[in-house]
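Have a look at the structure below before the remarks.
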Amino acid sequence: MHDLIIIGAGPAGITAAVYAARKKMDLLIITKDIGGQAAWSGDIENYTGYQFITGPELTVKFEEHLRKYDITLKENEEVTELKKTDDIVSVKTNKGRYEARTAIIASGKKSKELNIPGEKEFKNKGLTYCATCDGPLFSGKDVAVIGGGNSALDAALQLINIAKHVYIINITSNLGGDAIMRQKVQESKMVIVLNNAQVIAILGDNMVNAIKIKREGKEEILSVQGIFVEIGLIPNSEFAKDIQKNQFAEIKVNPYNETDIPGVFAAGDVTDVPEKQIIIAAGEGAKACLSAFRYLAQH
Amino acid sequence: MAKKVLVYSTPTCPYCIRAEQFLAENNIPFENFDISAGRQKAEEMVQKSGQMGVPVLDIGGEIIVGFDKEKIKEALGL
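Protein sequence lines correspond, in order, to chains A and B.
My numbering puts the first residue of the first sequence at 43, with every later residue one more than the last.
My numbering puts the first residue of the second sequence at 414, with every later residue one more than the last.
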C-alpha cells in the first residue's frame, strides 16, 4: 500500500508530486496525460519566473522537474472509481486497482460536450474542441462556433483569419465574454452571430457537412464543414462519487485542501477554489501535499 | 532500416509540439508538414487518417492520430 496516490498530472498534481517526492513519501501518480489543460494553453505570461512561455514548453519544464525524482507514474490511465473504506483509499482505473493511505484528486477540468446526435460520430471529423489546434484545417470553409462566452469568441477570432464564414451559435439572447473581444467579433464581416439559437444535431456523411439548429421555434439547417464546441468546462470529478461537490460538480475543499472524506484531498481546477489559474493550481497542489503529509504523521 | 516518420501538424497545436519534442528527444528523424501552409498536405492527412484532428503521425505507413505516446513508442520499437 502506498502513502499517497495523486490523480492527475497537471500543474496541481505535478507540484503535489514534487513536494511528496521531497518528503520521501511512497507515491503513485495516475493520470491520463501530462500537463492537463496547461498543455493546451497558448501563451503564458503570468507564471512567475517566466515572462513568456507557451503551454507545451511549461509542460516540458513540469515534466522534467517531476522526473528528477524517482517516482511511479501511470500515464494514459483513467480513474473510474475512488472509495475510502476503513483507513484505505482504493482507486480503480481502466487498467487496475491501487490502494493508499491518502489521495490527492488533481484531475482538472475538460471541455463540456453538447450531448446531441452526431457529436460522438463526427468528433475529429469536422467537430473539434480545440480551435487553436485544428482551426487551420478549415481554411476557406464555412464553420460554426458553438457557445457565447470568452472561449467561443476567442475561437471565432482565430477562425476569421482562416475560414470563409464563421457562424456563432449562441443559446442566450446576447453574447457574453469581454467587451473588447465582443466588439472585434461584431465588427468582422466574416462572422454571423445567431442568438437564441440551440444546436440540436450534427449532420454529415463521412465528415460534417451541416448542423441543425432551432431558433424562434423553427428548425434550420446550416451548411458548415467545421464545428467548434466552446461551451465551457466541467470538472473531472465523476469517479469520486461519495465526495461532496458544489453545484458545478467541483469538489469542495477547505483552506487545507481537505475534502469531506478524511485522508482524501483535492487541488486545482477540479475543486471549488476561487480562480482557475496555472499558478494557483500549482500552489494548491503544494498545500494538498503538505496536508496529506501531516495527515499521515497523525494517523 | 529505420521507418520513415511523417508528422502532420499545425504550428499552434500544443500536442503537435509535444509529439515533435518527443521524437527529437528520442533522436528520431522526421519530416514535419505544416498543414496550415497549404491545402494539399491537409487533404493528404485527412485521406490517410480519415479524420481532421492534429497531430497525425505516419510511421512507416502506420497512422497514429494524436500524441499517443504508447502507440508511437510501439510503432518505433522504442
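The beta carbon of each residue, even a glycine, is placed where N, CA and C say it ideally should be.
Treat the numbers as computed from the prediction; the structure is a model and nothing was measured.
For residue i, write down the residues that DSSP places opposite it in a beta bridge.
i, result
"K417(B)", "Bridge partners of K417(B): none, in fact."
"T96(A)", "D85(A)"
"V241(A)", "I255(A)"
"H341(A)", "In DSSP, H341(A) forms no bridge with anything."
"S422(B)", "D447(B)"
"E261(A)", "K256(A)"
"L489(B)", "Looking at the DSSP assignment, L489(B) forms no beta bridge with any residue, so it has no partner."
"D471(B)", "L419(B) and I476(B)"
"L275(A)", "S153(A)"
"F270(A)", "T170(A) and V187(A)"
"L332(A)", "In DSSP, L332(A) forms no bridge with anything."
"G52(A)", "None; G52(A) has no bridge partner."
"L69(A)", "L46(A)"
"G246(A)", "V250(A)"
"L236(A)", "I211(A)"
With 8 Å set as the bound, which would you pick, yes or no: does the beta-carbon of residue i sit closer than that to a beta-carbon of chain A?
i, result
"Q460(B)", "no"
"E487(B)", "no"
"Q453(B)", "no"
"V467(B)", "yes"
"P442(B)", "no"
"I448(B)", "yes"
"I477(B)", "no"
"E457(B)", "no"
"I430(B)", "yes"
"K482(B)", "yes"
Near residue i, what residues of its chain come up, given a Cβ to Cβ distance below 7 Å and the 5 sequence neighbours on each side ignored?
i, result
"K342(A)", "In the structure as shown, chain A begins at 43 and stops at 341. Residue 342(A) is therefore absent and cannot be evaluated."
"D45(A)", "M67, D68, L69, A142, R143, T144 and L338"
"T174(A)", "G84 and Q200"
"I113(A)", "A59, A63, L69 and I71"
"M458(B)", "Y421, I448 and V469"
"I95(A)", "I86 and Y89"
Leaving out five residues before and five after residue i in sequence, what residues of the same chain have Cβ atoms less than 6 Å from its Cβ?
i, result
"S193(A)", "E272"
"Y171(A)", "S153 and V271"
"K461(B)", "I476"
"I321(A)", "Y89"
"C426(B)", "V467"
"T313(A)", "E292, I293 and V295"
"Q240(A)", "I213 and K256"
"A205(A)", "F180, K183 and V185"
"A344(A)", "With chain A covering only 43 through 341, there is no way to say anything about residue 344(A)."
"R224(A)", "L217"
Got a sec: is the Cβ-Cβ distance from residue i to anything in chain B below 8 Å?
i, result
"S181(A)", "yes"
"N15(A)", "Outside the displayed range of chain A (43 to 341) lies residue 15(A), so it cannot be described from this structure."
"N118(A)", "yes"
"M223(A)", "no"
"P178(A)", "yes"
"A51(A)", "no"
"A81(A)", "yes"
Report all residues from its chain with a CB closer than 8 Å to the CB of residue i; omit the five preceding and five following residues, and keep chain order.
i, result
"T135(A)", "I72, K116, E119, E120, V121 and T122"
"A450(B)", "none"
"V418(B)", "L436, I441, P442, F443, E444, L470, D471, I472, G473 and L489"
"D447(B)", "S422, T423, P424 and K454"
"S265(A)", "D184, N251 and A252"
"Q93(A)", "E87"
"D220(A)", "N192 and L195"
- Message: Under 8 Å, CB to CB, which of the residues in the stretch 251-262 of chain A have a partner in chain B?
- Response: none
- Task: Taking a Cβ distance cut-off of 9 Å, strictly less, list which residues of the stretch 93-106 of chain A are near chain B, in chain order.
- Result: T96, G97, P98, E99, T101 and V102
- Item | Segments assigned alpha helix (DSSP H), at least 4 residues, entirely inside the stretch 144-191 of chain A | 173-176
- Taking only beta carbons into account, state which residues of the stretch 163-176 of chain A come closer than 7 Å to chain B, listed in chain order. N166, K167, G168, T170, T174, C175 and D176
- Can you check the stretch 114-142 of chain A for any beta strand (DSSP E) of at least 3 residues that lies completely inside it and give the ranges in chain order? 114-116, 121-127 and 130-135
- Query: Can you list, in chain order, the residues of the stretch 232-252 of chain A whose Cβ is nearer than 9 Å to any Cβ on chain B?
  - Reply: N248, M249 and V250
- Message: If we require 3 or more residues per run, which beta strand (DSSP E) segments fall completely within the stretch 280-318 of chain A?
- Response: 306-308
- Message: Restricting to runs no shorter than 4 residues, where is the alpha helix (DSSP H) found entirely within the stretch 188-221 of chain A?
- Response: 192-201
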